[in-house]
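Numbering (this note's numbering), first residue to last: 3 to 107.
Each residue gets a CB set at the ideal place from its N, CA and C atoms; glycine is no exception.
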Ligand SMILES: [Zn+2]
């Protein structure tokens, strides 16, 4: 089993990276015609792309928060499908995985 303190820190770091970005994207979506938005031209040519990005990042934030919750409650690293431990390599690649490789589909 991986060191939970390390995993927790990785997740929290990622959350800190994502949260301001998400807030910025959502701020942009709320004010699509705002010409004062400094990064508008380079960052957002296409609202559809922007919305999809926002959705992806939002779901990542939710998955990270879920993983942090499972760490706090001692259930982290176990498949929510079959309750078997999730392989360490899988958690390494996907720290907020909720299912083992067998239950992933
Ligand atoms: Zn499983």
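Contact between residue 66 and residue 24 fails: their C-beta atoms lie close to 11 Å from each other, not under 8 Å. Exposure of residue 21 is indicated by the presence of fewer than 16 other C-beta atoms within 10 angstroms of its C-beta.
Residue range 90–95 is occupied by the alpha helix (DSSP H) that includes residue 95. The three-state secondary structure of residue 30, taken from DSSP, is helix. Ranked by how close their Cα comes to the Cα of residue 7, the residues 99, 57, 88 and 78 have 78 in first place. Counting of Cβ neighbours within 10 angstroms places residue 9 among the buried residues, the total reaching 16 or more.
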